[in-house]
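Heads up: the structure comes next, in structure tokens.
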Amino acid sequence: MALLHPSSTEAMRSEVDLWTLPSTVGNIERTRQQACKPTAGYTQSNTMTFHVPGTNALIDAAHNMLHIVAEVVKADVDVTIGNTVVSQSSLTYPYRAHIEALLGYDRSAKESHMTMRGWFKDTAGHMDDFAGDKNEGLAARRKLVKNSPKFLLPNTDLTIKLTRSADAFALMSTNKNEKIIIHDATLFFRKVELSPSLNLAHAQALEHAPARYPLTRTNVKTITIPAGLRDKTIANLHIGQIPKRIVVGFVSNIAFNGSYHHNPFNYQNFDLNYMVLYVDTEQIPAVPLTPDFSKGTYMQAYNTLFCGTGIHWKDEGNNISYDEYGNGYTLYAFDLTPDLSSHEAHWNLQKQGVVRLDVRFRAELPIAVNCVVYSEFDNLVEISKDRHVVVDYNV
Numbered sequence: 001m002a003l004l005h006p007s008s009t010e011a012m013r014s015e016v017d018l019w020t021l022p023s024t025v026g027n028i029e030r031t032r033q034q035a036c037k038p039t040a041g042y043t044q045s046n047t048m049t050f051h052v053p054g055t056n057a058l059i060d061a062a063h064n065m066l067h068i069v070a071e072v073v074k075a076d077v078d079v080t081i082g083n084t085v086v087s088q089s090s091l092t093y094p095y096r097a098h099i100e101a102l103l104g105y106d107r108s109a110k111e112s113h114m115t116m117r118g119w120f121k122d123t124a125g126h127m128d129d130f131a132g133d134k135n136e137g138l139a140a141r142r143k144l145v146k147n148s149p150k151f152l153l154p155n156t157d158l159t160i161k162l163t164r165s166a167d168a169f170a171l172m173s174t175n176k177n178e179k180i181i182i183h184d185a186t187l188f189f190r191k192v193e194l195s196p197s198l199n200l201a202h203a204q205a206l207e208h209a210p211a212r213y214p215l216t217r218t219n220v221k222t223i224t225i226p227a228g229l230r231d232k233t234i235a236n237l238h239i240g241q242i243p244k245r246i247v248v249g250f251v252s253n254i255a256f257n258g259s260y261h262h263n264p265f266n267y268q269n270f271d272l273n274y275m276v277l278y279v280d281t282e283q284i285p286a287v288p289l290t291p292d293f294s295k296g297t298y299m300q301a302y303n304t305l306f307c308g309t310g311i312h313w314k315d316e317g318n319n320i321s322y323d324e325y326g327n328g329y330t331l332y333a334f335d336l337t338p339d340l341s342s343h344e345a346h347w348n349l350q351k352q353g354v355v356r357l358d359v360r361f362r363a364e365l366p367i368a369v370n371c372v373v374y375s376e377f378d379n380l381v382e383i384s385k386d387r388h389v390v391v392d393y394n395v
């Protein structure tokens, strides 16, 4: 194992640091919100590009907000800093966004500010109810027509390109002719003005070393499991850098490819009765998951949602009940860090190796299934004084 970067110093857990006081911020003079319109032709296109030119102010990219006058689901998001693509998704971006929202926010958030993003919880057991009113989340949506917290250096361009999902993926309806029409779109972003002394300090520091942006890189892979199988080994799930967290779920292949009659975020249990990860030769968890969904006994699997996301033993939650977990919210979360700290800000020694996933089902799969694997990695983006951008991973 090795340090992710030579300049990363040894950390002390906050629990044993008994003398440090909170710091005081006095070098930010003003933060203001600005708006940016996409390039022309976006209403008739499947892509939408926002270009934020660099100025003397810094950009707080962690608090960007997108306002769209339409009902829309993004299929892909590419982020470019300067001329370097730092985040490029496959067409699995909706699963990344959904899993992060589903497991990263509690009930109060999901029932308040997240409704502005179109978040309304689907009713467990009725995920594919598109015609009736049993799926309360779908009915509510019909009424609506992080990675790095550091500021982006001044005079650095930021480009965000969005690609829409197919209408059949984004919509559930009895009418297969329904379409998504975008009437207007605006990207709201924050610009931050620093004190002259801090601007000078930044310029002097850049003469000696690039600005460094630790980030949580995410990756979503999907593996199709054909109908008729009872077990599947997904070898070489990851080769090279070992992720700090993995979340696994299963959806029907029909829903994954887009269907007006199927919810693409219906994470079914498919009567899975065995799951284990291998990081090289280490088995995670030490005792494989062996749920029995037919009997309603899946506590060990349900508990991964809390142990694997860092909210176990805390006054936090994800608004997924035990019964809901087995009826459309069946996800399995695994923390792969040595100190079980994938949710915390500090780095761990970077490990290289191979990750494998073994799963079994109680009966032969009646339909083709897509295994969705969401992974998180600690990585680094560096920007030089000449605004040259370097990443320590392959995009």
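full-length UniProt numbering puts the first residue of the sequence shown at 1, with every later residue one more than the last. Glycine is no exception: its CB is placed at the ideal position from the N, C-alpha and C atoms.
Three-state class that DSSP yields for residue i in the structure shown
i	result
H343	coil
R190	strand
F306	helix
Q204	helix
F250	strand
F50	strand
L171	coil
P94	helix
F293	helix
P196	helix
S384	coil
K110	helix
A301	helix
Q352	strand
A286	strand
P319	Inspection of the sequence shows that residue 319 is occupied by Asn rather than by Pro. The answer is coil: DSSP assigns N319 none of H, G, I, E or B.
A209	coil
A255	helix
N273	strand
T39	coil
I239	strand
H261	coil
I28	strand
D392	coil
D122	coil
D157	coil
In DSSP terms, what residue i is bridged to
i	result
L103	DSSP output for L103 lists no bridge partner at all.
K232	V359
E376	T218 and R245
G328	Y267
I59	L152 and K191
L65	In the sequence on display, residue 65 carries Met and not Leu. In the DSSP output, where bridge partners are listed per residue, M65 has F188.
N370	T224 and V251
S87	V79
L162	M48 and V77
Y278	Q283 and R356
Exposed unless 16 or more other CB atoms sit within 10 angstroms - verdict on residue i
i	result
M65	exposed
E316	exposed
H238	buried
K191	buried
Q241	buried
R230	exposed
I99	buried
G82	buried
G308	buried
H262	buried
A188	Checking the displayed sequence, the identity of residue 188 turns out to be Phe instead of Ala. F188 is exposed by the Cβ-count criterion.
K244	buried
D106	exposed
E194	Glu is not the amino acid found at residue 194; the sequence shown has Leu there. Per the 10 Å Cβ criterion, buried.
P102	A quick correction: the sequence has Leu, not Pro, at residue 102. When all chains shown are included, L102 counts as buried.
E364	exposed
D323	exposed
T233	exposed
A345	exposed
L152	buried
N165	Correcting the residue identity first, residue 165 is Ser in this sequence and not Asn. It is buried - the Cβ of S165 has at least 16 other Cβ atoms within 10 Å.
Residue-level contact to chain C via CB, residue i, 9 Å cutoff
i	result
I182	Checking the listed chains, one finds no chain C in this structure; it contains a single protein chain.
- [ ] Kindly confirm or deny that the segment 268-275 and the segment 320-330 touch, where touching means at least three C-beta pairs closer than 8 Å.
- [x] yes
- [ ] Report yes or no: do three or more beta-carbon pairs, one from the segment 334-354 and one from the segment 274-288, lie closer than 8 Å?
- [x] yes
Task: contact_flag[the segment 250-266, the segment 370-379] where n(CB pairs < 8 Å) is 3 or more - done: yes
Task: Given 8 Å, three or more beta-carbon pairs between the segment 347-354 and the segment 287-294 - done: no
Open item on the list: For the structure I just gave you, are there three or more beta carbon pairs, one from the segment 358-367 and one from the segment 273-282, closer than 8 Å?
Closed with: yes
- [ ] Check whether the segment 219-235 touches the segment 53-60, counting contact only when three or more Cβ pairs, one atom from each stretch, lie closer than 8 Å.
- [x] no
Task: Given 8 Å, three or more beta-carbon pairs between the segment 30-41 and the segment 195-206 - done: no
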